[in-house]
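Below you'll find the structure, written out as C-alpha cells, and then a few comments.
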Amino acid sequence: MTAQPDMEKLDEQIQRIKQAALALSEMGDQFPAVKRNAARVLVSVKMLEINVSDIVGLTIP
Amino acid sequence: MISEQPYWNPVLETLPLEKLYALQLKKFKSIFRWTYENSRFHRSLYDEAGITPSDIREFKDIRHVPIVEKSMMRCIQCKDPYPYGDCLCVPLEEVSNFRQTSGTTGQPVYQADSMQDWDWWAESWAFILWAQGYRPSDRVFIPFGYNIFVAFWAGHYAAEKIGCEVVPGGVLDTQSRILKIQELKATAMMGTPTYMLGMADTAKNKVGIDPGTLGIRRITCAGEPGASVPATKKRMEEAWNAKVFDHAGATEIGAWSYECLDQPGGMHVNDALFLVEIEDIETGEIIDEPGRRGKMIITALDRMAMPCVRFDSKDVIEWDTNPCSCGRTFRLIKGGVLGRVDDITKVRGVLLSPVAIEDVVRSIDGLGDEYEVVVDKLGETDTISLKVELLPGNENNAGRIEDQLRHQLRLKTNLAYSIEFHDLGKLPRYEVKARRFKDLRKTP
Numbered sequence: 022m023t024a025q026p027d028m029e030k031l032d033e034q035i036q037r038i039k040q041a042a043l044a045l046s047e048m049g050d051q052f053p054a055v056k057r058n059a060a061r062v063l064v065s066v067k068m069l070e071i072n073v074s075d076i077v078g079l080t081i082p
Numbered sequence: 002m003i004s005e006q007p008y009w010n011p012v013l014e015t016l017p018l019e020k021l022y023a024l025q026l027k028k029f030k031s032i033f034r035w036t037y038e039n040s041r042f043h044r045s046l047y048d049e050a051g052i053t054p055s056d057i058r059e060f061k062d063i064r065h066v067p068i069v070e071k072s073m074m075r076c077i078q079c080k081d082p083y084p085y086g087d088c089l090c091v092p093l094e095e096v097s098n099f100r101q102t103s104g105t106t107g108q109p110v111y112q113a114d115s116m117q118d119w120d121w122w123a124e125s126w127a128f129i130l131w132a133q134g135y136r137p138s139d140r141v142f143i144p145f146g147y148n149i150f151v152a153f154w155a156g157h158y159a160a161e162k163i164g165c166e167v168v169p170g171g172v173l174d175t176q177s178r179i180l181k182i183q184e185l186k187a188t189a190m191m192g193t194p195t196y197m198l199g200m201a202d203t204a205k206n207k208v209g210i211d212p213g214t215l216g217i218r219r220i221t222c223a224g225e226p227g228a229s230v231p232a233t234k235k236r237m238e239e240a241w242n243a244k245v246f247d248h249a250g251a252t253e254i255g256a257w258s259y260e261c262l263d264q265p266g267g268m269h270v271n272d273a274l275f276l277v278e279i280e281d282i283e284t285g286e287i288i289d290e291p292g293r294r295g296k297m298i299i300t301a302l303d304r305m306a307m308p309c310v311r312f313d314s315k316d317v318i319e320w321d322t323n324p325c326s327c328g329r330t331f332r333l334i335k336g337g338v339l340g341r342v343d344d345i346t347k348v349r350g351v352l353l354s355p356v357a358i359e360d361v362v363r364s365i366d367g368l369g370d371e372y373e374v375v376v377d378k379l380g381e382t383d384t385i386s387l388k389v390e391l392l393p394g395n396e397n398n399a400g401r402i403e404d405q406l407r408h409q410l411r412l413k414t415n416l417a418y419s420i421e422f423h424d425l426g427k428l429p430r431y432e433v434k435a436r437r438f439k440d441l442r443k444t445p
C-alpha cells in the first residue's frame, strides 16, 4: 500500500505556479510569446486543480 | 516507478462514494452558475423553468434542472456567434478547437472547445488509457483520419500526455498502416470495432500477415458499442492477440466511461469529471438501483466553452453496484452502453436492440463479421430479415449454422427472422461508424 499523497502540500505548490503564471500573463501584454505560453501554463494548472485542489477541504454535506 | 501505479489519479479514483457525490455537488453548482451566467440559451431555458443557481443546495435539487436535448443544440446554432450560437460561454477568440458530431442521428452539431477544454478532453482520456494499461513505454499507432470528428484526437493527445510515443496513422491506407505497425513494432492501437475487424481481415487476406503476430498488446475502441459486445470483443481479441477495451464518449459530452484492466463486464463512469444520472425512459424517474435500464442524463463538470449540463445522451445504460476488483470507486455500468434510445425499436410488438443481433451473429463459428438487418412492413405485419456472410469452407455446414442462428436469435431477441446467406465480401464494409441496421418502416 503506497502512502497517500499530501493534497494540501500539492495544492500549495499548484497555487504558487498559478500566481507566477498569472503574473507572467499580466507582464506579457506586449509580448505574445510570454502571454500565450503563460496561458498554456494556466491550462495545465487548471488540470492540476481538477486532479488535486478541487478535493482539498471538501466536506460531506 | 510511476508505471507501476495502477491509477492515473490514486486519490480521485479511490475516493469513497459519499466524497465523490460531495465533489459532484460542488462542481455542479459551479458549472451551473457558469452556464447560467454566460450562455444565453441556457439562461432562457432555466428562467423559463424558474430555476437559478441559488436553488441548487442539495444533490436532489440537481434533478429540477431542465434537460438539454440534441435537437435544441441544432436550433441554437443558427444564432450568433457563428457557427456555435448562443450557448457559447467564452469570446470567439478563446475557441481553439472546432469539432462536429458525425450526424448519425441528424444534422451535425458544431462544438467549440477552448484551450482549457481541449486539455480537459486529453485529461479525461488519460484516465482511460492509464486504467487500460497504457504506459510511457508504449508506442501507440492511431489509424484514424484526423478529421473534424473528435474520435481519436483526444486519445492521441492523452497518449502523449501520459508519456507514450504516438504514431499518427492518418492518411495511410489500411495495408500501409499494417506495414507501418509491423515496421515500428507498435504496441497499442485505437479504432472503431468495425475498423479493427476490417483491418485484421486486410492483414490476413490482402497483406498476408497474421495480425496476431504484429505485437499489438492492447486496443482501445470507441464510436460503436462493439467492444462491450462479448462476441465482437472475442473476435477482435482473437484476431489481434491483444486485450480489447471499450470506452464511451461523445463530441458534446467528453470521454465519460471506460473499461479497466480487470474488465468486470462493464465500464467505470469517471465520477470525478462527470455526473451521470439514469432516467426511466417512460416515466422520467431517476434510477439509482441496479438492474433497471434507462437513458443517460450527463453533466460534464469542468467543460466551459460550450457546457454540457444535464444533457440527454440517449444512451441506454444500467447501474452495476458490485464493487470492481481494480479498487476504483468510480461507479460501474453493466455491459457498457447497451444501445441508444433511437435504435431500440418495436418489431411485432417486441422491443429489439440491434446490439443483441450483433452478439448472436459474431458468436457463431463459420459466419463472417459483417451482417445487415432490415426491418420492413408487409401489409400490416412487420418483417425482419438478416443478411450474413458464410466464411469459405463452411458451405456444407450452412444448414447447421442456420439452425444455430435461428435458435440463438429467438432466444436473445424473441423474434423470428428471414435469413439470407451471402458469400464473404458481398455485404457493405464500413471504415468508421457502421450502419448495419435499416428500419424501412420509417422511410417516408
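Protein chains in written order, with the numbering used here: chain A, 22 to 82; chain B, 2 to 445. All C-beta atoms, glycine included, are put in the ideal place defined by N, C-alpha and C. Treat the numbers as computed from the prediction; the structure is a model and nothing was measured.
*Identified DSSP bridge partners for B:Pro169*: Here residue 169 of chain B is taken as the residue at index 168 of the second sequence, counted from 1. Paired residue(s): B:Ile143.
*At 9 angstroms on the CB atoms, spell out the chain A contacts of B:Glu19, in chain order.*
One-based indexing of the second sequence puts residue 19 of chain B at position 18. By Cβ distance, chain A contributes Ile81.
*asked:* Per DSSP, what are the beta-bridge partners of B:Arg312 in this structure?
replied: In the second sequence, counting from the first residue as 1, residue 312 of chain B sits at position 311. The residue you asked about is not Arg; residue 312 of chain B is Phe in the sequence shown. According to DSSP, which records beta bridges pairwise, B:Phe312 is partnered with B:Val69 and B:Ile299.
_Per-residue burial, B:Phe99 [other beta carbons within 10 Å of its own, 16 or more giving buried]_ = Position 98 of the second sequence, counted from the start, is the residue given in the question as residue 99 of chain B. B:Phe99 is exposed by the Cβ-count criterion.
*How would you label B:Ile143, buried or exposed, when you count the other beta carbons within 10 angstroms and need 16 or more for buried?*
Here residue 143 of chain B is taken as the residue at index 142 of the second sequence, counted from 1. By the neighbour-count rule (16 or more Cβ atoms within 10 Å), B:Ile143 is buried.
*Could you give the C-beta distance for B:His269 and B:Phe312, rounded to a whole number, given that I count them as a contact under 8 angstroms?*
The residue given as residue 269 of chain B occupies position 268 in the second sequence. The residue given as residue 312 of chain B occupies position 311 in the second sequence. So it is not a contact: roughly 20 angstroms between Cβ atoms.
_Contact defined as beta carbons within less than 8 angstroms: I believe B:Ile220 pairs with B:Met190. What is the distance between those atoms, to the nearest angstrom?_
Working through the second sequence from its first residue, we reach residue 220 of chain B at position 219. Working through the second sequence from its first residue, we reach residue 190 of chain B at position 189. Indeed they touch by this definition, with Cβ atoms about 5 angstroms apart.
*Could you name the residues that DSSP lists as bridge partners for B:Ala189?*
Sequence index remark: in the second sequence, residue 189 of chain B carries index 188 (1-based). BP columns for B:Ala189 point to B:Val141 and B:Arg219.
*Would you report the Cα separation of B:Ile485 and B:Ile402, rounded to the nearest angstrom?*
Any answer about residue 485 of chain B is impossible in this case: the structure gives chain B only from 2 up to 445.
_B:Ala243 in three-state terms, based on DSSP_ = As a working mapping, residue 243 of chain B is identified with position 242 in the second sequence. Residue state, collapsed to three classes: coil.
_A:Leu31 versus A:Thr80 - alpha carbon distance_ = Your numbering for residue 31 of chain A matches position 10 in the first sequence. Your numbering for residue 80 of chain A matches position 59 in the first sequence. Answer to the nearest angstrom: the Cα atoms are 18 angstroms apart.
*What's the call for A:Asp27, buried or exposed, on a 16-neighbour Cβ count within 10 Å?*
Here the question's residue 27 of chain A lines up with position 6 in the first sequence. Classification for A:Asp27: exposed.
*Which whole runs of the alpha helix (DSSP H) in the region 385-414 of chain B are 4 residues long or more, in chain order?*
399-414
_Cutting at 7 angstroms between CB atoms, please list the residues of its own chain near A:Val55, excluding the five before and the five after it._
As a first step, residue 55 of chain A must be located in the first sequence, where it is residue number 34. So the qualifying residues of the chain are Leu45, Met48 and Gly49.
*Determine the extent of the beta strand (DSSP E) in which B:Trp9 is found, giving its start and end residues.*
Position 8 of the second sequence, counted from the first residue, corresponds to residue 9 of chain B. Note, B:Trp9: premise wrong, no beta strand (DSSP E); not H, not E.
*Can you give the Cα-Cα distance for B:Ile163 and B:Gly266, rounded to whole angstroms?*
Against the second sequence, residue 163 of chain B aligns to sequence position 162. Against the second sequence, residue 266 of chain B aligns to sequence position 265. So the two alpha carbons sit approximately 26 angstroms from each other.
*Considering A:Gln36, what are the terminal residues of the alpha helix (DSSP H) in which it resides?*
Numbered from 1 along the first sequence, position 15 holds the residue referred to as residue 36 of chain A. Run containing A:Gln36: Met28 to Met48, per the alpha helix (DSSP H) assignment.
*Establish whether the CB of A:Ala60 and some CB of chain B are separated by less than 8 angstroms.*
Against the first sequence, residue 60 of chain A aligns to sequence position 39. Taking Cβ atoms only, chain B reaches closer than 8 angstroms to A:Ala60, which makes this a yes.
*Along the chain, where does the alpha helix (DSSP H) that runs through B:Val362 open and close?*
On the second sequence, residue 362 of chain B is found 361 positions in, with the first residue counted as 1. Segment Pro355 to Val362, the alpha helix (DSSP H) holding B:Val362.
_Span separating the alpha-carbon of B:Phe42 from that of B:Cys79_ = As a position in the second sequence, residue 42 of chain B is number 41, starting the count at 1. As a position in the second sequence, residue 79 of chain B is number 78, starting the count at 1. Computed Cα separation, rounded: 12 angstroms.
*What does B:Ala23 touch in chain A if you count any residue whose Cβ is under 8 angstroms from its own?*
Taking the second sequence and counting its residues from 1, the one referred to as residue 23 of chain B is at position 22. The answer, in chain order, is Leu79, Thr80, Ile81 and Pro82.
_If the criterion is Cβ atoms closer than 8 angstroms, does the pair B:Thr319 and B:Arg349 meet it?_
Sequence index remark: in the second sequence, residue 319 of chain B carries index 318 (1-based). Sequence index remark: in the second sequence, residue 349 of chain B carries index 348 (1-based). Here residue 319 of chain B turns out to be Glu, not Thr, going by the sequence shown. Not a contact, by the Cβ cut-off of 8 angstroms.
*What residues of chain B sit near A:Pro26, judged by a beta carbon separation below 8 angstroms?*
Locating residue 26 of chain A in the first sequence gives position 5, counting from the first residue. Within 8 angstroms Cβ-Cβ: Pro11 and Val12.
*Is the Cβ of B:Leu276 closer than 8 angstroms to any Cβ of chain A?*
As a first step, residue 276 of chain B is located in the second sequence; it is residue number 275 there, counting from the start. Answer no: the Cβ-Cβ gap between B:Leu276 and chain A never drops below 8 angstroms.
*On the three-state DSSP scale, how would you describe B:Leu21?*
The residue labelled residue 21 of chain B in the question sits at position 20 within the second sequence. Three-state DSSP puts B:Leu21 in a helix.
*Completely contained beta strand (DSSP E) runs for the region 70-118 of chain B, where each covers 3 or more residues*: 96-101 and 111-115
*Does the region 79-92 of chain B touch the region 104-124 of chain B, meaning 3 or more C-beta pairs lie closer than 8 angstroms?*
yes
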